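Notes for the one structure printed next.
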Amino acid sequence: MTELHGTIESHPLNPGEEATTYPPTPEFRAQANINDSSVYWRAAQDPEAYWAGRANELRWTKPFTEVLDWSNPPFAKWFADGELNVAANCLDRHVAAGLGDRVAIHFEGEPGDTRSITYAELTSEVKRAANMLTSLGVKAGDRVAIYMPMIPEAVISMLAVVRLGAAHSVVFGGFSAESLRARIDDAEAELVITADGGYRKGRVSALKPTVDDALALHGGGSTVQKVLVVERTAQGVAMEAGRDLWWHEEIPSFDDQHEPLGFPAENPLFILYTSGTTGKPKGILHTSGGYLTQASATHRDVFDLKPETDVYWCTADIGWITGHSYVVYGPLANGATQVIYEGTPETPDWGRWWSIIQKYGVTIFYTAPTAIRACMKVGRQVPEQYDLSSIRVLGSVGEPINPEAWRWYHEVIGAGSAPIVDTWWQTETGAIMIAPLPGLTSLKPGSAQVPQPGIDISIVNDAGDRVDRGQGGLLTVRKPWPSMVRGIWGDPDRFVDTYWSQFGDRYFAGDGARVDEDGDVWLMGRVDDVMNVSGHRLSTAEIESALVEHHAVAESAVVGADDETTGQAVVAYCVLKSQQNILSEEDAEGELKKHVAAQIGAIARPRNIYIVNELPKTRSGKIVRRILKQLAEGKDVGDTSTLADTMVMSVIQAKVSGIK
Ligand code: WTA
């Protein structure tokens, strides 16, 4: 069972923060996709009927007759006797409806190269790629690993894989060879699709060499048979004969005729690894019909999408769930026109995002609070140089958005009028669960507010009883939802244990939340050992185990400390092995930071590493992370009487303040 700490107690509401709400303007409300609040109670009366209706907005090759099968909880089946092809829903369906000339993707490379791809073109590319993958032996039920930069071929690869009824496992391009290999092994992928590299921060960031390193680890001998390489940066990479193939050399020999087969609604669509409370990442499994239903429905409702006129842009990388649901599946299933940008917001300067919005006339913009705070730091004079008047809806995801950042986003990017939808969800939930509906909700800065129609959220105390309004507790989902995680790849026990053992009959998300007097939900952060750094999930246990794998480290404790820009930052305390003078204390900090980046990926690199002689422990030998977290945040550590040795703390405290 997930061990909790820091359970949220009741928080008195801060009256100042909630005094100002932002109701929809009459003009916005009048044109909104949803402006009748009866949708909530209609969905609540019969959630299955509601979701069946939404599912029927998709194209099924075989209609479903059964909506939800919850006979074997927590393993849900949605629309189980129906069949569909997810890629055809995102592509062929729009072409057949006469929308082939609509732009699907405006691609903007970091160096400034651009490509606009219509639905007809994207459909042909995916068909060609599907034929190529078939020739490489990919078939329904297989897994394909994708390790790519944010280029159109990443999207094409994902859709080509699922068109064949196979499942992808996209691994974020910032992950190390070790992390990539662990994911390849766990999913037993036989094919890896990658690129020579991508452009980030004005430089070539190599990917193929990392794939080579990953496959050479543990004496070689992985499940991988072939590596397909897209040429993006042309920096010159080694190609292993018999294993590695260039995409551009292979693809011309395949034609763009390909009939999509229908696959069962519960056919695996993808595995996406995410950090949990133990050292080993979890392979979150999503399936086809329910996932696509909720990803597309929420994309249309929450962003008030008008596919004929909107230009949508979500800045997430496809290596994360937001990139899956709100770059690939939601927008494409809805026939939206979207922007995909390869690089970072500060390249060549901090005006890059705003210049892209101006250039393409972006109307809906979806990003993370950490990016908003970074832009705030740079100053409003930068976005003010650009014409952002096309923007009509703004979105936020990944962590709670602090009211100050909310107001800046609203005023500076949204001209004081664009509604902000703060969307709460997780890799496990697959799609948005709590968010305002911009034509209905009076917005409150800092709150995700309202469960989506058909979603049953309940904030409970440790005993599982619903808390009163004005109180805090744990966020749970009471009823199954279509895009819910179907399991942890290869580990059904861990699935039950992680999410369902806390309360038995309901899903426990790992987040604390409170409900205000109006019934709106405020997210309060994780209550388990998962950190949220720049909107990315990291596990304290995973970083700790990477640290102790270093030959000089005897013991380590990692905490997520509050950080003004990144939300939380990784802070590690390490005890070095005393007998071995392998590493001087002075060198240790830099060396260990590098080690973590090499083991897991640059996103996991600790902000601070403190070398200490001992860690604070209880008499039963448990490390007291609460104290280490407070210390890292420069706070008073409070009561230390539960420690076996209270002296330890004064030594560590001296160290932390000395190094700072
Ligand atoms: C956090 C990202 C507050 C939360 C889609 C959750 C949020 C974790 C919000 C999931 C939000 C995400 N407000 N917290 N709007 N959105 N979170 O799996 O702690 O990368 O459990 O999915 O991010 O992160 P994941």
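First residue of the sequence shown: 1, per UniProt numbering; consecutive thereafter. Glycine included, each C-beta is placed from N, C-alpha and C at the ideal position. Source: prediction; values computed, not measured.
When you measure from the CB of residue i to every non-hydrogen atom of ligand 1, does any distance come out below 6 Å?
i: ALA368; result: no
i: VAL558; result: no
i: ILE455; result: no
i: GLN426; result: yes
i: GLU178; result: no
i: ASP255; result: no
i: VAL302; result: no
i: PRO281; result: no
i: ASP511; result: yes
i: ASP317; result: no
i: LEU285; result: no
i: VAL422; result: The amino acid occupying residue 422 in the given sequence is Asp; Val does not appear at that position. Under cutoff, so the answer is yes.
i: ALA371; result: no
i: ILE600; result: no
i: PRO400; result: yes
i: THR540; result: no
i: ARG537; result: yes
i: THR274; result: yes
i: ALA448; result: yes
i: THR322; result: yes
Over what stretch of residues does the alpha helix (DSSP H) that includes residue i continue unbroken?
i: GLN31; result: 26-31
i: ILE627; result: 625-632
i: residue 666; result: Any property of residue 666 remains undetermined from this structure, which presents the chain solely from 1 to 660.
i: SER157; result: 152-163
i: PRO268; result: Looking at the DSSP string, PRO268 is not in any alpha helix (DSSP H); the run it does join, the beta strand (DSSP E), is 268-274.
i: HIS248; result: 247-250
i: LEU332; result: 330-333
What residue range is occupied by the uninterrupted beta strand (DSSP E) comprising residue i?
i: HIS299; result: Looking at the DSSP string, HIS299 is not in any beta strand (DSSP E); the run it does join, the alpha helix (DSSP H), is 289-302.
i: ASP422; result: 420-423
i: HIS324; result: Unbroken run through HIS324: none, as it is neither H nor E.
i: TRP313; result: 311-314
i: ALA405; result: Here ALA405 belongs to no beta strand (DSSP E); instead the alpha helix (DSSP H) covers 403-408.
i: VAL533; result: 530-533
i: residue 692; result: Since the first residue of the chain shown is 1 and the last is 660, residue 692 is not available in this structure.
i: HIS258; result: Per DSSP, HIS258 belongs to no beta strand (DSSP E) and is neither H nor E.
i: PHE508; result: 507-515
i: ARG537; result: 536-539
i: THR337; result: 337-341
i: VAL393; result: 393-397
i: ALA431; result: Per DSSP, ALA431 belongs to no beta strand (DSSP E) and is neither H nor E.
i: ARG243; result: Counting along the chain, ARG243 falls outside any beta strand (DSSP E), and DSSP gives it neither H nor E.
i: ARG143; result: 143-147
Using beta-carbon positions only, say whether residue i and residue j come within less than 7 Å of one another.
i: ASN334; j: LEU292; result: no
i: GLY343; j: ARG115; result: no
i: ILE652; j: VAL596; result: no
i: ALA572; j: PRO616; result: no
i: VAL421; j: ALA435; result: yes
i: SER169; j: ALA187; result: yes
i: ALA557; j: ILE603; result: no
i: ALA463; j: SER176; result: no
i: ALA32; j: PRO480; result: no
i: GLY351; j: VAL378; result: no
i: THR65; j: ASP81; result: yes
Taking only beta-carbon atoms, is residue i less than 7 Å away from chain D?
i: GLY658; result: Among the protein chains of the structure shown there is no chain D, as only one such chain exists.
Please confirm if the region 285-300 is in contact with the region 414-434, defined as three or more CB-CB distances below 8 Å between the two stretches.
Here the region 285-300 lies against the region 414-434, with 3 or more beta-carbon pairs under 8 Å apart.
Count the C-beta pairs between the region 206-225 and the region 115-130 that are closer than 8 Å, then say yes if the count reaches three, no if not.
With the cut-off at 8 Å, the region 206-225 and the region 115-130 do not touch.
Unbroken stretches of the beta strand (DSSP E), 3 residues or longer, contained in the region 89-139:
Qualifying beta strand (DSSP E) stretches, in chain order: 103-108 and 114-118.
Just to confirm the assignment: which complete beta strand (DSSP E) runs, minimum length 3, are found wholly within the region 357-381?
Taken in chain order, the complete beta strand (DSSP E) segments of 3 or more residues contained in the region 357-381 are 364-367.
Which runs of the beta strand (DSSP E) spanning at least 3 residues fall entirely within the region 168-226, listed in chain order?
You should have 191-195, 197-200 and 203-206.
Alpha helix (DSSP H) segments (min. 4 residues) lying fully within the UniProt domain "AMP-binding enzyme C-terminal" (542-622)
As far as the UniProt domain "AMP-binding enzyme C-terminal" (542-622) is concerned, its whole alpha helix (DSSP H) runs of at least 4 residues are 585-599.
Hey, is the region 143-163 in contact with the region 102-117, meaning 3+ C-beta pairs nearer than 8 Å?
The region 143-163 vs the region 102-117: in contact.
Please go through the region 454-499 and give each complete beta strand (DSSP E) segment of 3 or more residues, from N-terminal end onward.
DSSP assignment within the region 454-499 yields the following whole beta strand (DSSP E) runs of 3 residues or more, N-terminal first: 457-460 and 472-477.
contact_flag[the region 433-452, the region 31-48] where n(CB pairs < 8 Å) is 3 or more:
Because the criterion of three Cβ pairs below 8 Å is met, the region 433-452 and the region 31-48 touch.
Quick one: any contact between the region 310-320 and the region 360-367, if contact means 3 or more CB pairs under 8 Å?
Short answer: they touch.
Under 8 Å: do the region 238-251 and the region 263-280 share three or more Cβ pairs, one atom per stretch?
Counting Cβ pairs under 8 Å, fewer than three are found: no touch.
Sufficient close CB pairs (3 or more, under 8 Å) joining the region 404-419 to the region 559-569:
No: the two stretches stay apart, fewer than three of their Cβ pairs being nearer than 8 Å.
Tell me whether the region 388-399 and the region 367-376 touch, counting them as touching only if at least three CB pairs, one residue from each stretch, are closer than 8 Å.
Yes, they touch.
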